[in-house]
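Spelled out as structure tokens, the structure:
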């Protein structure tokens, strides 16, 4: 991925690059389903 322009946003770009590297070889549907599953777990813990 290309380097970013604004240093103040460096942290979010690093996270996006890490996420891209983890998911670039995976099926899009599997990535979405996994993210949805993880979000449900987090929401249930926050609302318990």
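Numbering (full-length UniProt numbering), first residue to last: 1 to 48. A virtual CB, placed ideally from N, CA and C, is assigned to each residue, including glycine.
If you draw a straight line from the alpha carbon of residue i to that of residue j, how long is it in whole angstroms?
i: residue 50; j: residue 23; result: The structure shown does not extend to residue 50, since the chain is modelled only from 1 to 48, so the question has no answer here.
i: residue 45; j: residue 25; result: 30 Å
i: residue 11; j: residue 17; result: 10 Å
i: residue 31; j: residue 42; result: 17 Å
i: residue 39; j: residue 8; result: 27 Å
Using a Cβ-Cβ cut-off of 8 Å (strictly less than) and excluding sequence neighbours within five positions of residue i, which residues of its own chain qualify?
i: residue 19; result: none
State the start and end residues of the unbroken alpha helix (DSSP H) segment that holds residue i.
i: residue 46; result: 28-47
i: residue 22; result: 10-23
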